[in-house]
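Undergrad: Numbering (my numbering), first residue to last: 36 to 373.
Backbone N, C-alpha and C fix where the C-beta goes; we use that ideal spot for every residue, glycine too.
Quick one: structure below, then a few questions.
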Amino acid sequence: MRVVLPGIRHWRHDLTHCLHTTMGVLLGFHGVDPLHALGAGWGFFYPADDVRREEYYYPCDGRSLLAALAPYHPVASRWHEPPGPGEGWSQLRAAIAAGAPVAAAVDNYYLPFRPAYTDVHTNHLFTVYGFDDEAGTAFVADPVPPRFQGTIRLGELAAARGSENPIEHDRDLFFTANPLGNRWLSVEVGRDRPTWDVDFLRDVLQGNLAGFAQHGGPGVYRGIAGQRAFLTDLLPRITEGPHRIDEVFIIAGAVLAGTGLHADFLAESGRRFNRPVLIELGRRVDRIAHHWSALRIAVATARAEPGAAVPALLDRSRALLDDQERVLHRMARVAAAL
């Protein structure tokens, strides 16, 4: 039997990683503009010590992963954890045969098209959208550079999905020591999809501002106050060990991706509605994204001497937070004028 689902197209934003690119591919298959869905939401939420060593980790606040990524769209996702590789493949195969592409968690070490092949272990995510039983292959799409869309052998896919993802040398960083377990993700997209218009944009801006105004409970970082507390609490603690560096790095990556996407969502809204003020607001949000990018790189390179890096990291985080306070003030004025 051979099934190859049509309509699979690459989608990627420069400041995102495999989670957003894979969700973008799956949303596109279902006829949803990825930027409309993934770029609308912007906020900060993180329960302390919740992070997992996965490139596709994202704090979800009780919602499914895709619902947390696209809070203004009728979407949901569900992780599946089969008991073994045989069941893992039969579940994927059945979903695809029924007409639904899926996301699969994999270790780049076993994928011949990834630069990390046979060199570096890391938790990754991509789309599986077809199979050929006779040829013994699966069709996969991975927009993360060097980008790939085509077939790999089922044995390669099985090895990548079942990997223990070990730390074997000092290049296995951030997304290792967390077995893959043949996990895969299915998504659902409802029919009542919002229109990308000024009313939707106003609701998005007001909703995001309300989210930034919220406060978390004990052990929960939420809103702009939680973001400030997260940076104030966690940056000095990178001296406790590499796990704290990994924690800040992974969370910063999730926030960076959402911020960068929201900047482009605003800019695209400005072009659609001929509102230059939205394009300008998008540039301001983009500046926040690049603050996060610089902070993330600085944290990643602090592993050798974390104590020496803390003062500069705190200075950088203060600059980020001060800029973001100004952006949120400006966003409130723009939302009120729409």
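In its own chain, which residues sit with a C-beta less than 6 Å from the C-beta of ALA387, not counting the 5 before and 5 after it?
TA: Any answer about residue 387 is impossible in this case: the structure gives the chain only from 36 up to 373.
Undergrad: Curious, which full-length alpha helix (DSSP H) runs of at least 4 residues does the region 56-129 contain?
TA: Listed in chain order, the complete alpha helix (DSSP H) runs (minimum 4 residues) inside the region 56-129 are 69-73 and 100-104.
Undergrad: Looking only at its chain, what residues have a beta carbon closer than 8 Å to the beta carbon of ILE280, apart from the 5 residues adjacent to it on each side?
TA: If we look at ILE280 and ignore the five residues flanking it on each side, its Cβ neighbours are ILE273, VAL334, ALA335, ALA337, ARG338 and PRO341.
Undergrad: Excluding the five sequence neighbours on either side, which residues of its own chain have a C-beta within less than 8 Å of the C-beta of ALA151, listed in chain order?
TA: ASN143, TYR144 and THR157
Undergrad: Would you mind working out which of LEU373, VAL222 and ALA264 sits nearest PRO253, comparing C-alpha positions?
TA: Cα-wise, what sits closest to PRO253 is ALA264.
Undergrad: What does DSSP give as the partner residue(s) for ASP142 in the beta ladder?
TA: Beta-bridge pairing links ASP142 to ASN158.
Undergrad: Figure out for me which residue from GLY288, ILE285, ARG319 and ILE286 has the closest Cα to the Cα of GLU300.
TA: Here residue 300 is Phe; the residue named in the question, Glu, does not match the sequence. The option with the nearest alpha carbon to PHE300 is ARG319.
Undergrad: For ASN243 and TRP77, what's the separation of their Cα atoms in angstroms?
TA: 6 Å
Undergrad: Is it buried or exposed for GLY276, if we count other Cβ within 10 angstroms and need 16 for buried?
TA: exposed
Undergrad: Taking the beta carbon of HIS297 as the centre, do at least 16 other beta carbons fall within 10 Å, making it buried, or is it exposed?
TA: buried
Undergrad: Report buried or exposed for PRO118, applying the criterion of at least 16 other Cβ atoms within 10 angstroms of its Cβ.
TA: exposed
Undergrad: Can you list the beta strand (DSSP E) stretches of 3 or more residues lying completely in the region 155-195, in chain order?
TA: 158-167, 172-177 and 183-188
Undergrad: Can you tell me whether DSSP reads VAL257 as helix, strand or coil?
TA: As written in the sequence, residue 257 is Arg, which differs from the Val given in the question. Three-state result, ARG257: strand.
Undergrad: Just the C-alpha distance for ALA132 and ASP168, rounded to the nearest angstrom, thanks.
TA: 12 Å
Undergrad: Can you tell me whether ARG37 is helix, strand or coil according to DSSP?
TA: strand
Undergrad: Alpha carbon to alpha carbon, how far is GLY261 from LEU54?
TA: 23 Å
Undergrad: Could you check which residue in GLU122, PHE161, TRP124 and GLU191 has the C-alpha nearest to that of PRO147?
TA: GLU191
Undergrad: What's the C-alpha gap between VAL155 and ARG149?
TA: Cα to Cα, the separation comes out at about 10 Å.
Undergrad: What residue does the alpha helix (DSSP H) around LEU220 start on, and which one ends it?
TA: Careful: LEU220 lies outside any alpha helix (DSSP H), inside the beta strand (DSSP E) at 219-224.
Undergrad: Considering just the uninterrupted stretch of the alpha helix (DSSP H) at GLU315, what are its terminal residues?
TA: 311-335
Undergrad: Excluding five sequence neighbours on each side, which residues of the same chain lie with their C-beta closer than 7 Å to the C-beta of ALA135?
TA: SER221
Undergrad: Measure the alpha-carbon distance for SER99 versus TYR81 and round it to whole angstroms.
TA: Each residue's alpha carbon lies about 15 Å from the other.
Undergrad: Please go through the same chain and pick out, in chain order, the residues whose beta-carbon is closer than 8 Å to the beta-carbon of HIS52, but skip the five residues on each side of it.
TA: Excluding sequence neighbours, HIS52 sits near GLU90, TYR91, VAL179, GLY288 and ALA292.
Undergrad: Quick check: the Cα distance between LEU62 and ALA347, rounded to an integer number of angstroms?
TA: Roughly 40 Å separates the two Cα atoms.
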